[in-house]
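Okay, structure first, notes after.
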Amino acid sequence: MAALARITRRALTTQLSHGHVIRRALSTSAAATATATATTTKADAKSITPSADRVKWDYRGQRQIIPLGQWVPKVAVDAYVAPNVVLAGQVTVCDGASVWPGSVLRGDLNKITVGFCSNVQERCVLHAAWNSPTGLPAETSIERFVTIGAYCSLRSCTIEPECIIGQHSILMEGSMVETHAILEAGSVLPPGRRIPTGELWAGNPATFVRTLTHEETLEIPKLAVAINDLSKSHFSEFLPYSTVYLEVEKFKKSLGITI
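The opening position of the sequence shown corresponds to residue 186 in the working numbering, with each subsequent residue numbered one higher.
As structure tokens, this is what we get:
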């Protein structure tokens with residue numbers, strides 16, 4: 186029995202020693218593979234050299250001012266035009282006017298004018314046709330102290346001074362809104378339709394609702410002035426357009442400063 190016990194113990198010891206040798210060999214092989222992979226990765230990282238003009242390609246944004254042929258959009262010095270607005274072709278933004286983020290004014294076929302202290306709010310689309318089927322002027326004209334609500338679509342229409350166009354409204358070719366008139370939100374003004382002075386219209390198609398009171402007509406230009414005052418706080422946050430920031434960022438990179 187004693188001899189059998191010694192033989193069994195010797196066999197177990199031999200098996201354990203062989204297993205330990207195999208485990209050590211496997212761990213050594215894995216460590217060597219990891220070291221080789223890390224070395225290869227570092228070598229690849231060192232071999233990649235960024236282009237010298239890489240910073241320029243980091244600023245591929247849309248253009249705000251788009252000239253078309255001989256026509257270049259004109260923006261007054263004190264007018265506020267948000268950075269992501271698109272002005273193309275025959276577009277004029279007069280003194281004190283404001284065009285808010287996401288709007289597109291496309292004057293590729295005819296003129297678009299935003300008058301003094303008027304405002305075109307977020308995501309409006311203004312366009313103008315070659316000509317109007319009604320015989321009225323085909324250009325899109327927004328005169329002074331006019332408020333255009335967000336998400337409106339205007340095409341070859343005329344809006345006289347001191348009017349309010351509610352948000353999500355559509356004004357089609359040849360339509361006209363006379364002085365001291367209001368078009369309610371979500372309304373559609375068909376081609377050639379005219380809203381007389383001092384009236385409130387609404388609906389699809391827009392129809393007469395009631396006559397505005399004297400107090401209501403006095404509030405129309407006050408709203409335009411209030412939005413103009415608000416635009417000044419936005420205007421002060423943006424410096425004149427230049428590419429100086431590219432040079433500043435290159436200088437920071439040369440000093441090792443994280444951008």
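Every residue, glycine too, gets a C-beta built ideally from N, C-alpha and C. Because the structure is a prediction, the values reported are computed rather than measured.
Residues near residue i in its chain [Cβ-Cβ closer than 7 Å; skip 5 each side]
i    : result
M323 : Correcting the residue type first, residue 323 is Ala in the shown sequence and not Met. Hits under 7 Å: N295, A313, A314, W315, N316, S317 and S341.
L253 : A273, G274 and D293
H419 : Y265
F393 : E384 and W386
Per DSSP, cross-strand counterpart(s) of residue i
i    : result
Y265 : S283
K259 : T277
F136 : Past the boundaries of the shown model lies residue 136; the chain is included only from 186 to 444, so the question cannot be answered.
V394 : In the DSSP output, where bridge partners are listed per residue, V394 has none listed.
S326 : T298 and T343
R378 : None; R378 has no bridge partner.
M361 : T343 and R379
L356 : L339 and L374
L253 : W256
L368 : I350 and W386
Proximity test, Cβ basis, 8 Å: residue i and chain C
i    : result
R291 : Absent here is chain C; the protein component of the structure consists of one chain.
Own chain partners of residue i with C-beta closer than 8 Å, once the 5 adjacent residues on each side are dropped
i    : result
V266 : Q249, V260, L272, V278, S283 and V284
H365 : E347, C348, T382, G383, L397, T402 and I405
E358 : A314, S317, P318, T319, A323, R340, S341, C342, P376 and G377
I251 : P258, V271, L272, A273 and G274
R395 : E384 and L385
L440 : none
Endpoints, the beta strand (DSSP E) within which residue i is located
i    : result
V276 : V271 to V278
R443 : Checking the sequence shown, residue 443 turns out to be Thr, not Arg. T443 -> no beta strand (DSSP E), and no H or E assigned at all.
N316 : Looking at the DSSP string, N316 is not in any beta strand (DSSP E), and its letter there is neither H nor E.
H312 : V310 to H312
L385 : E384 to A387
S338 : S338 to R340
F330 : Note, F330: premise wrong, no beta strand (DSSP E); not H, not E.
V299 : V289 to V299
Spatially closest choice to residue i from the options, by CA coordinates
i    : options                   : result
G281 : E432, I412 and G441       : I412
L290 : V331, C337, V262 and F330 : C337
S288 : F301, V276, E434 and C309 : C309
M361 : R395, S326 and S372       : S326
P268 : L408, E363, Q247 and G351 : Q247
L311 : S372, L321, K407 and T298 : T298
T332 : K407, W386 and V262       : K407
G351 : E434, R395, V305 and D263 : V305
E328 : A335, L321, I344 and G334 : I344
A387 : K417, L356 and E307       : L356
A263 : P286, V433 and G300       : Note that residue 263 corresponds to Asp in the displayed sequence, not to Ala. Answer by Cα proximity: G300.
A370 : L415, L321, G334 and F393 : G334
Unbroken alpha helix (DSSP H) run spanning residue i, endpoints
i    : result
S420 : Inspection of the sequence shows that residue 420 is occupied by Phe rather than by Ser. Looking at the DSSP string, the run of the alpha helix (DSSP H) that includes F420 is H399 to F420.
Residues near residue i by beta carbon distance below 6 Å, same chain, minus five either side
i    : result
S354 : C337, L368 and S372
F330 : C302, P346, E347, P406 and A409
S416 : Y265 and S283
query = Using 8 Å as the threshold, is the region 308-327 in touch with the region 369-384, meaning 3 or more CB pairs across them?
reply = yes
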